[in-house]
Every structure is written in C-alpha cells, then in structure tokens.
Amino acid sequence: MSFPSAPRANPLHLLAAFATGGLLSLAVFINGEAARYGGPMFSSWLAHGVGMVVSAIVLAVIWRRQRAAKAAAESEAGKAPLWAYIGGVLGAATVMLTSTAVNSPLALAGTLALGLVGQVVLSLAADFWGLLGLPKRRLGWRDGAAVLLIGGGSLVIILFGLG
350 MSFPSAPRAN PLHLLAAFAT GGLLSLAVFI NGEAARYGGP MFSSWLAHGV GMVVSAIVLA
410 VIWRRQRAAK AAAESEAGKA PLWAYIGGVL GAATVMLTST AVNSPLALAG TLALGLVGQV
470 VLSLAADFWG LLGLPKRRLG WRDGAAVLLI GGGSLVIILF GLG
C-alpha cells in the first residue's frame, strides 16, 4: 500500500477553510431558527429552495462561458460517478438533523462541536481507506491527537456549557 505525502497547505486555502467554518456556523444558526418556527422539514426546504434559486441564477450567468471548459473537463476526467450525486440528499438530511439538534439542549455550540468530531472521524477514514476516490494516506499520531482534543473539547462544551 502506497501513501503519497500531502502537499503543504496554501495560506489562502487555510483562510478559505476558516471562512467556511464561520459560514457553516451562520447557516446552522439560521436553519435552526427556521426550524424553530416551522420545523426541520420547513428549514430544509427553505435552505435548499433558496440554494436552488441562487444556483440557477449563477448557472444562467456563467453557463455560456463554461461550455468549452465543461467539454474539456469531461473529456479529460470523464463524467462524475453516480455516488457524487448523493450530496443533495445528504445536504437535506444534514439541514434537518442540525436544525433539530440546534433547538435541543445541545444548542449551536454543542451541535457544531459534535458535527466537527463526526467530520474529522469520517475524513480520517476517507483518507486512510481512500474512500470516494481520495488517495490513501497513512494516519499518524497527530491525527489521533486531533480527534481526542476535538472530542474532549466537544465534551467540555456539552457538559459544562449547558448552564
């Protein structure tokens, strides 16, 4: 089994990942508020309905310019695998579950903390086994330490942050 070394992260990529985390917190909060007033299903429909409208507008604007790039990408990489299309279903389930959890005693911080633990564990599994077409990567002690620290921090938030 071959494990290629990972390239160093670009500072812009780190900033983008950090910003994504902030946007995710804001989205979970807004979805939670929508669920509080209309339920988790309403929250999911609202989030995905708005996303669909915005996506349609963006696609309409860039579609003409991207036709040549799409053809080149398809000829080089082929079509997307079928499992790539399950993201919408997973997104809808995520919105409903986080909207429900945010309105529980976990609140926003506990929901995001446990969500982060789940993301890290699944990401490490995907890296190790090469799931979803990712290259396999050997896990080190730092990966285990990260899971323990994030899990421990999540427990502190949940157990001692409930007031």
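The sequence shown begins at 350 in the working numbering and counts up by one. C-beta: ideal position from N, C-alpha, C; glycine also.
Practice item. Give a yes or no on whether the C-beta atoms belonging to V469 and I506 are separated by under 8 Å. Key: no
Review point. Looking only at its own chain, which residues have a Cβ that is under 8 Å from the Cβ of L483, when we skip the five neighbours before and after it?
Key: A475 and D476
Exercise for review: Give the single residue among L488, G479 and G459 whose Cα lies nearest to the Cα of V377.
Suggested key: G459
Practice item. Note down the Cα distance separating T449 from D492, rounded to an integer number of angstroms. Key: 30 Å
Check your understanding: Which whole runs of the beta strand (DSSP E) in the stretch 438-483 are 3 residues long or more, in chain order?
Key -> none
Check your understanding: Given a threshold of 16 other Cβ atoms within 10 Å of its Cβ, counted over all protein chains shown, does V444 qualify as buried or as exposed?
Key -> buried
Check your understanding: For the putative contact between N452 and R385, defined by C-beta atoms under 8 Å, what is the C-beta separation to the nearest angstrom?
Key -> 5 Å
Exercise for review: For T447, count neighbouring C-beta atoms within 10 Å of its own C-beta (all shown protein chains included) and say buried if the count is 16 or more, exposed if not.
Suggested key: buried
Check your understanding: Just the Cα atoms here: how many angstroms apart are V438 and R487?
Key -> 30 Å
Point to revise | Closest by C-alpha distance to M390, when choosing among A442, V403, A433 and G501 | key: A442
Exercise for review: Measuring alpha carbon to alpha carbon, tell me which of K485, A418 and G464 ends up nearest L473.
Suggested key: K485
Exercise for review: Compare the C-beta of L463 with all C-beta atoms of chain D and state if any pair is closer than 8 Å.
Suggested key: Among the chains in the structure shown there is no chain D, since it carries only a single protein chain.
**Study point:** Rounded straight-line distance, which links the Cα of G440 to that of R413
**Key:** 28 Å
Practice item. Following the continuous alpha helix (DSSP H) through R428, name the residue where it begins and the one where it ends. Key: Here residue 428 is Lys; the residue named in the question, Arg, does not match the sequence. Careful: K428 lies outside any alpha helix (DSSP H) and carries neither H nor E.
Practice item. Output yes or no for whether 8 Å exceeds the beta carbon distance between I462 and G502. Key: First, the residue type needs correcting, since residue 462 is Ala and not Ile in the sequence shown. Cβ distance < 8 Å, so A462 and G502 count as in contact.
Point to revise | Per-residue burial, G381 [other beta carbons within 10 Å of its own, 16 or more giving buried] | key: Here G381 is buried, its C-beta having at least 16 other C-beta atoms within 10 Å.
Point to revise | Proximity below 8 Å, CB of L373 to CB of A383 | key: Not in contact: L373 and A383 (Cβ atoms no closer than 8 Å).
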